[in-house]
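Below: one structure, written as structure tokens.
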Amino acid sequence: MQFDGDALTITLDMTMEEVREFEQFVRPRIEYIESIEVEEGGFLKGSALLALLVSLKRTRPELKIPFLEKGLIALNGYGTLHWMCHD
41 MQFDGDALTI TLDMTMEEVR EFEQFVRPRI EYIESIEVEE GGFLKGSALL
91 ALLVSLKRTR PELKIPFLEK GLIALNGYGT LHWMCHD
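In the working numbering, the protein residues as written are 41 to 127.
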């Protein structure tokens, strides 16, 4: 996780404990974060990170999360995962 000004950059390969730590870091600072970027090339270890990102987006709709808006990711071993986001 890297915090640079208004943008936060994270990786996909977070363990469940890292996702919890990320949530504890982000929730109190959500008003100051404009964008959450996801680094390419990680390996998604579970759905908890996706659920948290969707929850953050619903909490603060103006938050930019390009990873969610793209709606797909190509992963080694799983292939391409697609999802749909509804407001």
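Glycine included, C-beta positions come from ideal geometry on N, C-alpha and C. Model, not experiment: these values are computed from the prediction.
query	result
Thr55 (DSSP reduced to helix, strand or coil)	coil
Three-state class that DSSP yields for Ser75 in the structure shown	strand
Residue burial classification, Ile76 (beta-carbon count within 10 angstroms, cutoff 16)	buried
Chain-order list of residues whose beta-carbon lies under 7 Å from that of Lys104 (same chain, five-residue window excluded)	Glu74 and Ser75
Beta bridge counterpart(s) of Leu121 as assigned by DSSP	Ile113
Per DSSP, cross-strand counterpart(s) of Asp44	Ala47
Environment of Leu70 [buried if 16+ CB atoms lie within 10 Å]	Just to set this straight, residue 70 is Ile in the shown sequence, not Leu. It is exposed - the Cβ of Ile70 has fewer than 16 other Cβ atoms within 10 Å.
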